[in-house]
Amino acid sequence: SAGGDSGAAGEPSDELNYALPANATPNWLMPLGISGKLATHNSSLIRAMYEPLIAYDGSLGTVDRVADADLADSVEFADDGLSVTITLDERTWSDGTPVTSADVAFWFDVVKANRSEWASYQEGAMPDNVASVETPDESTVVLTFDQAYNQEWMLASQLTLIVPIPAHAWTVTEDGGEADPALAETAEGATAIWDYLMAEGEDLAGYQGNPLFDVVSGPYTLGSFSDSGHVTLSENEAYDGDDAAGIPTVNFLPFTSGDAEVAAVRAGEVDYGYIPTGELDNAAQYEGLGYDVVNWDGWAITYLPYNFHHPDMGPVYSQLYVRQALQHLVDQESISDVVWHGAANPGYGPVPQQPDNKFLSDEQRDNPYPFDPAAAQDLLEDNGWTMGSDGTYVCETGIDCGDGVADGQTLAITILTQSGSTETDNMFAEMKSTFEEAGVGVTIESAPLNTVLGSIAPCEAESPECTWELPFFGTAGSWYFGGYPSGERLFGTGAASNFGSYSDDEFDALMQASLNSGDEDAMQEYSAYGAENLPAMWLPNPVYQVSVIDQGLTGTEQDSLGNFHPQRWAWGE
Amino acid sequence: MSITPEAIPATVAVQATVAGRRTRSPFLRFLLRRIGQSLIVIFVVTLIVFALLQMLPGGPARGVLGVQATAEQIAAFNQAQGFDRPVWQQYLMFLGRLVTGDLGESYLLNMSVSDAIAQRLPKTLLLTGLSLVIALAIAIPVGIFQAVRRNRGADYTLSVLAIVAYSTPTFFLGMLLIMLFSQTLGVLPANAPQGDTVSAVLLEPQRLILPVLTGAIPLVANFSRYMRSSALDGLSEDYIRTARSKGTPFRRVLSRHLLRNSLTPVVAMLGYQLPVMFGGALVIEQLFNYPGMGLLFWSAAQSSDFPVLLGCVIVISIATVVGSLLADIIQAVLDPRTRGGVA
Amino acid sequence: MSALKRFSENRLALVGLIVLALVVLFVVIGPLVYPTEQVRTALDQANLRPGEQGHPLGTDALGYDVLGRLMLAGRTSLIVGIFAGVLATVIGTLWGAIAGYVGGVVDAIMMRVVDAGIAIPAIFLLLVLSTIVRPSEWMMILVIGLVSWLVPARLVRAESLSVKTRDYVVAARAMGGSHSRIVLRHIVPNTVGTVVVNATFQVADAILLVAYVSFLGMGLQPPATDWGAMLNNGLALIYQNAWWLILPPGVAIVVVVCALNFIGDGLRDVFDVKGRTA
Amino acid sequence: MGEQVLRIDDLRVRFSGRGEDAVRGVSLDVSAGEVVALVGESGSGKSVTSLAAMGLLPRSARTTGSVELADGDVTRQVIGASEKELDDVRGRVESMVFQEPMTALNPTMTLGAQIAEAVRNHTRATPAEARERAVELMRAVGIPDAESRARQFPHELSGGQRQRVVIAIALACEPRVIIADEPTTALDVTVQAEILDLLRRLVRERGTGLLIITHNMGVVADLADRVFVMRHGVVVESGEVSRVLTTPSHEYTRTLLAAIPKLPPGSVGGAAAAADPEPLVVTDPVIEMRAVSAGYRVGGRHVPAVEDIGLAVGAGEIVGLVGESGSGKSTVSRLALGLLPTSGGEIRLLGQTLSGLRGRRKRELLEQLGVVFQDPGGSLDPRMTVGESIAEPLAIHRKRMRSAERAARVAELLDAVRLPSDAAKRYPHEFSGGQRQRVGMARALVLKPRLLVADEPTSALDVSVQAEVLDVLRGLHEELGFGCLFVSHDLGVVNELTDRVVVMRRGRIVEQGETSRVLTAPRELYTQELLASVPAPDPAVQRQRRAARLGLLEE
Ligand SMILES: Nc1ncnc2c1ncn2[C@@H]1O[C@H](COP(=O)(O)OP(=O)(O)OP(=O)(O)O)[C@@H](O)[C@H]1O
Ligand SMILES: Nc1ncnc2c1ncn2[C@@H]1O[C@H](COP(=O)(O)OP(=O)(O)OP(=O)(O)O)[C@@H](O)[C@H]1O
Ligand SMILES: [Mg+2]
Ligand SMILES: [Mg+2]
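Chains as they are written, first to last, in the numbering used here: chain A, 727 to 1299; chain B, 55 to 397; chain C, 47 to 324; chain D, 6 to 560.
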């Protein structure tokens, strides 16, 4: 191993080698992000260096607030739901300066002035929904909202975005400039600071030794950074929080491919790595090498959006019974067990099912449409479809089958899948086989993930690009949620990521309710409605990764939000 | 006049006048023409590559920004990249930047394309360069040996070996080598050196063995076949007979007369071997965790990082074109006759 | 007759021919002798080892019989390889013959296009083309054909340049023979040696390319498969020593490509063509 | 005569896979200071004999008999000797000069280095000494500017000069015997004469034995003391040159000598006979060139090849076109065929201007034209049967002719060129050179053209075969009466065949007129020199001719 003695079989040491996902090299460590830069490995590294105001993740087994890992002490929503008062922990930056409410205000100043460039910006959400930021004293921040919001959502998805940044050090606009906290208070000043920080963020070659990174609030500081992707975090000696580093030096190793990573794992060069799901059948070998093999579940759902605006198939997909029939044909249990070797969990609705959580409805838990080809065929035949001579269902008279269905329409679907994963390929091969056996024609096309994503913009039937039907982009889970698994961005009418243009007023209302204050059951109702009305075809949700962890390593509870928390890791019992 | 050996035969005189009317240095002319051709080729390459990228379905924005990107972010991205302009304008902008040496910014890497390439290229060059040198060092003597032993046991055996090696897909070969040397025998590491600089990479020579071997084996197979056939041609040349008839020992005939003359076709082929070697490098870099150009290209392709994709293809094709230019020049150096021009 | 004799004098070529014939038999007659289910998956029978439940080479992750799959995959690999190789040869031959015969500016332009094509890594073309057209057998033939016609084009051009200066072509021109007659009756037939020899290598290379394409994840839609895809799937299980998933397709590729190369070498003796040149 | 330096006894060579020995019991010997010639038709085993003497036969050859070399007091046996022993002998005791000066030298090595290598192979000379010796040798073989030439590469020298370098290499270690395999065949007559002079001088000066292989009886007469005549792998006759060439005893030698085209006797030293240039009157010309110039594009620029050409061929007339290599003969014939655009002047074919014609009109004109090329192998499409080749003009110009008619016409022509009628179905590679050339003639004449252009139709053939082909041509000419432009570098052939002759040099016509007149009383010095350079197959005549040539050169 890079440390020389911390190999899987070797005894504990001061170092640890963590394998980054294949082809994912850290390339952004600014706690302020611009779009396209906030891959999970980047944000995990950032969190190790800059504690957020509110930490909300799955690192303790359930997805919840982790008060030890954030800078807030207490968070109190006003009774009217129109404001929140946050008191800060008594903490210092690594240079000894206290962390104060001014650092929170500084964050707001900079983000508000540059909101359109900020990666997490969505109109109407943070920071638009915060009407005012007040700092009555050094350790108190009062945020006033423009309206009342669901507190859980506010806490899990909005306040978590706030990362206090050191106003006493970062209010600069050039290298070696004198910090001037007052500068951020004007919009121009805030923009100049933003521009400077972004320019520094883009200068990967300059990361190592950049004085900006000398002032951190988290358990780690940047040890070394090479723009080829090898990053080392070193313990923050001045850390005074509750989440101190367990191992002084953590190496993050980049890999060019999964195969290369496995070779390194088997050579004992990695302490915390991953293996392809196929290797789960081979787990004993890795245990023999001194590793624990653990599934890392993701706080995500995996689905195939139906393109409801497809010129031919759109009207077909719009029929609930068709979606029900198709859902009956997906053998999620077998696929999860055999094709994914257990490294995927069946998912029956719009809320993540692993780990079990309070947002999940019983309807979704119980799978309203279990694998049942006969039931599927009944549904179709009851609605005017007849088995054609080629073994595929045909709708001779369109109107029998539903509004807008063309006469003589065959039930043949086209799935556009992301390429590059044996399991995904096999999953669709299996689905094709069962679908076709039941009389539903399936064509499978594959392309690189980004090509799939590039070709599935929400569209109107008449536009020429509207020829895709069922795109799959979920080899690593289709949609990862923040803390609060609401679905307005996926299924809300007109939402940017509502690729298939699903539109259902009742569903929209449920989603809105889940954001607004008052209705604490809204999420469960949303879950039940989604499970029953099938805005998309639900598929097994693959794990984030299959981890192999040195048996001597502790504190490796895996965060289903996909973050890693190096400070919790430690050698020994 | 006496018996005049000095009397220049008419043929020479004609040739002399012919030569006199041409430019002073035919080699310079040849070189200029080849450089001109190379520029045209590079231009054609940019045209083809750009056109192909335009034909890709969907824009890169959603893929680059991710599933969760908002409509505003996508619009901003498209505007920043000029995708809202007509294609020809985009092409002209691209060409304009290219001539100033600016390859643009990667969508994803948070680096300029030239930085990304500058970071990766030396590593790939090192890998392929080493493979190439080793391959040549083996293939040239083997090819000559086979030609001398034509149609005998050793020749057959080596030919069969070469064809088998040539017929084995690189990824299969690499995997077999890893299985054998790294997993089963445990004598060689399966990961290439992880150093960032060429010198750091060179500090771990044992880690270079497998990747270089994987790269070199198919090349040896290919080159030795070429070398064999060109050495066979060479062996039947009259000058070999002349050399032997003056009592030059056979070994010396091979090293002094045959070698240089039969290298020419091999050198000519080398120039065109570059893109092929690049394809091999891609697989090797993936297998052995060696982040070079091949991988940069591959991940750019997977993630629709068009500027990187374009940059890589253009750098590779420039390298190829320069490579074949170099090959021509080496050929001219090797063979004083080859200065008229090669089509 | 003497051509056949010269071919069979090359032992390896003969061996190559026999091996190829056996492989063709295997993929064509094999499924008749040893019929297996290769359309419907059977997850309950997935991942069996050789010999279990009557599967001589076991089953793969979807429960397909590996031996049967090898036949099916071989059919695809051979069909795609052969047709793509032939397509490349046809395009290349026409392109090269025309460029060489016409000469001048036309030649210069046509050859610059070829140079550019050679300078662009085939892998890029494959990637882009396979994204533009969705993979099916015919599309794969087209795509591989389109990226590999460049070498034959160069070869045939060189050949046609030399053929067109031969006295019989000059004589035909002096007799008043038309361009098309000269190209079709003299130039093309006299490059046929180069073309045929190169075609075998082209087919061999195309089979390898099919494998690469599948390895890079641009393969065919299931349940169709080819050796490259099988090998790629098998390689994922390399640490489980699943040799029955790796060796059969791997060896099949190597054997067929070797056989074709041997045959090419034999044909070269027959046609007396110089070495394979890029 | 000195001691025997090379002695070949009962040499037999068989190539594996061949049913018959290529050489069947050849015995011959060469003494110091003596020139021995080995003659015979192509394929008779001359080269195989010489390679056997050098121990240079390929592995596929099985050799028996004995080849002995005198190495000082020791006798060395070549056959069965180890490679090491052979390396020692080659270059030091015996060395060799090959036919093709263009390919006998390593193109990538300087001339000096190639000669120096020969020196260093057998002496302890330092590189510098060897280099010096190389320059000396180059001077000795008559290469001007030896110092700087030594640093040049073979392609920078003319053929004759290259052959001198090859000879220098052979001389490098003062061997006892030199074997020269057709050392002058690839050279122009004038250059050939120079090389022969050189060889003669070297043998006289150094007392080396020389075994010269040739098929040119003139060369034999010029140089050799004794001659061996080979046929089908055996020596059929041998003896003093003066005897064998004047009173041959073997039938084969006699036919060989009879086949040699003769120059008219008075052709030497006729410079005095110069008179006014005769006016060029040609009635009813089938082709007429006036002040034509033309050239080639080389590397994108125009390089003139011929200038100010004025000639004409009358109907039924055979006009010879002679001149040394590169003088532009082929260029003129290409012009006559319309294969090359003119850059000036006018060409009229059958009364029409060629340059203006296109398409069908041009084709109609070309129909009246036949062409025969030099290389009998290259002028027939190897992938067409002989019948198809002969019928090709019919396929082009008589598209509507029925195939039976075509076949009949082909058969007719095969008969006319004295080939069996079943030849039509066979391929060119199944025929000998002479036969192929006759097929070429049949093709040229299938449309009964009014003009035949023949570019060196016989120069690749053996004398006996050449005689046959010329005979056929003469017969056909009598029968069909076409006008003929006959390109040749062999003045003897031109003398026997043509009515008029045109002499070219460096792209220009230097003289033209009645053949009998030009060859007996040439006006131009160049023509005289050309004539004097042609060796005559009679030793006595050749001695006169050599003297005449020396005289000319001294003028
Ligand atoms: N390497 C070889 N392998 C097989 N046969 C050969 C080889 N070299 C020569 N021969 C055969 O040996 C015979 C004699 O050939 P050789 O070259 O000695 O003829 P030659 O008298 O020199 O003819 P030329 O005047 O054409 O040079 C021919 O029939 C030829 O085909
Ligand atoms: N295709 C060509 N391209 C360029 N130059 C040529 C070409 N053909 C001939 N030449 C040049 O034109 C000149 C005349 O050549 P030509 O072939 O007419 O000579 P020739 O008298 O027929 O010689 P030979 O007796 O060797 O056949 C020479 O200097 C030659 O180098
Ligand atoms: Mg000979
Ligand atoms: Mg000529």
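Even for Gly, the Cβ is constructed at its ideal location relative to N, Cα and C.
This one's a predicted model, so the numbers in the text were calculated from it and none came from an experiment.
Inset, instruction - Consult DSSP for residue 513 of chain D and reduce its assignment to one of helix, strand or coil. - result: strand
Inset, instruction - Would you verify that the beta carbon of residue 301 of chain B is, or is not, closer than 8 angstroms to some beta carbon of chain D? - result: yes
Legend entry - Element boundaries [beta strand (DSSP E), containing residue 1141 of chain A]: 1138 to 1144
Legend entry - Ranges of the beta strand (DSSP E) found wholly within the segment 146 to 216 of chain D, counting only runs of at least 3: 182 to 186
Legend entry - Span of the beta strand (DSSP E), counted from its first residue to its last, around residue 489 of chain D: 488 to 492
Legend entry - Residue environment, residue 425 of chain D, which counts as buried when at least 16 other CB atoms sit within 10 Å: exposed
Inset, instruction - Check whether the Cβ atoms of residue 201 of chain D and residue 189 of chain D lie closer than 8 angstroms to each other. - result: yes
Legend entry - Beta-carbon proximity check, residue 954 of chain A vs residue 980 of chain A, cutoff 8 angstroms: yes
Legend entry - Interface flag, residue 219 of chain C vs chain B, CB-CB below 8 angstroms: no
Legend entry - Beta-ladder partner(s) of residue 352 of chain D, from DSSP: D/294
Inset, instruction - Work out the CA separation of residue 274 of chain B and residue 1064 of chain A for me, nearest whole Å. - result: 43 angstroms
Legend entry - Between the CA atoms of residue 155 of chain C and residue 1267 of chain A - distance to the nearest angstrom: 54 angstroms
Inset, instruction - Starting from the beta carbon of residue 120 of chain C, find every residue of chain B whose beta carbon is closer than 8 angstroms, and list them in chain order. - result: The contacting residues do not exist; residue 120 of chain C stays about 15 angstroms from chain B at best.
Legend entry - Residue of D/184, D/225 and D/503 minimising C-alpha distance to residue 268 of chain D: D/503
Legend entry - DSSP-derived helix/strand/coil call for residue 285 of chain C: helix
Legend entry - Members of the segment 740 to 768 of chain A that neighbour chain B once the beta carbon cut-off is set at 7 angstroms: 749, 753, 754, 761, 762 and 763
Legend entry - Check whether residue 1287 of chain A and residue 784 of chain A have beta carbons under 8 angstroms apart: yes
Legend entry - Local Cβ density within 10 Å of residue 733 of chain A, reported as buried at 16 or more and exposed below that: Here residue 733 of chain A scores only 44 on pLDDT, less than 50, and its place in the model is too uncertain to base an answer on.
Inset, instruction - Compute the distance between the beta-carbons of residue 127 of chain C and residue 249 of chain C, then report whether it is under 8 angstroms. - result: yes
Inset, instruction - Please list, in chain order, all residues of the same chain as residue 346 of chain B whose beta carbon is under 7 angstroms from its beta carbon, the five residues on each side excluded. - result: 174, 177, 178, 181, 335 and 339
Legend entry - Proximity below 8 angstroms, CB of residue 215 of chain C to CB of residue 209 of chain C: yes
Inset, instruction - Out of D/556, D/427, D/318 and D/495, point me to the one whose CA is closest to residue 518 of chain D's CA. - result: D/318
Inset, instruction - Check whether the Cβ of residue 1173 of chain A sits closer than 7 angstroms to any heavy atom of ligand 2, and report yes or no. - result: no
Inset, instruction - For residue 76 of chain B, decide whether its Cβ has a neighbour in chain A, counting only Cβ atoms nearer than 8 angstroms. - result: Unreliable placement is indicated for residue 76 of chain B, whose pLDDT of 42 sits below 50; no coordinate value is reported for it.
Inset, instruction - Please decide whether residue 291 of chain B counts as near chain D, where near means a Cβ-Cβ distance under 8 angstroms. - result: yes
Legend entry - Alpha carbon of residue 1112 of chain A to alpha carbon of residue 73 of chain C, nearest angstrom: 37 angstroms
Inset, instruction - State the Cα-Cα distance for the pair residue 148 of chain B and residue 264 of chain C, rounded to the nearest angstrom. - result: 29 angstroms
Legend entry - Beta-carbon gap between residue 1035 of chain A and residue 864 of chain A smaller than 8 angstroms: no
Legend entry - residue 343 of chain B: contacting residues in chain A (beta-carbon distance under 8 angstroms): 981, 982, 983, 986, 987, 989 and 990
Inset, instruction - Would you please verify whether the beta carbon of residue 115 of chain C is less than 8 angstroms from any beta carbon of chain D? - result: no
Inset, instruction - With residue 822 of chain A as the anchor, note down where its beta strand (DSSP E) starts and where it stops. - result: Careful: residue 822 of chain A lies outside any beta strand (DSSP E) and carries neither H nor E.
Inset, instruction - Tell me where the alpha helix (DSSP H) around residue 397 of chain D begins and ends. - result: 391 to 402
Inset, instruction - Determine the burial state of residue 65 of chain D: buried for a count of at least 16 other Cβ atoms within 10 Å of its Cβ, exposed for fewer. - result: exposed
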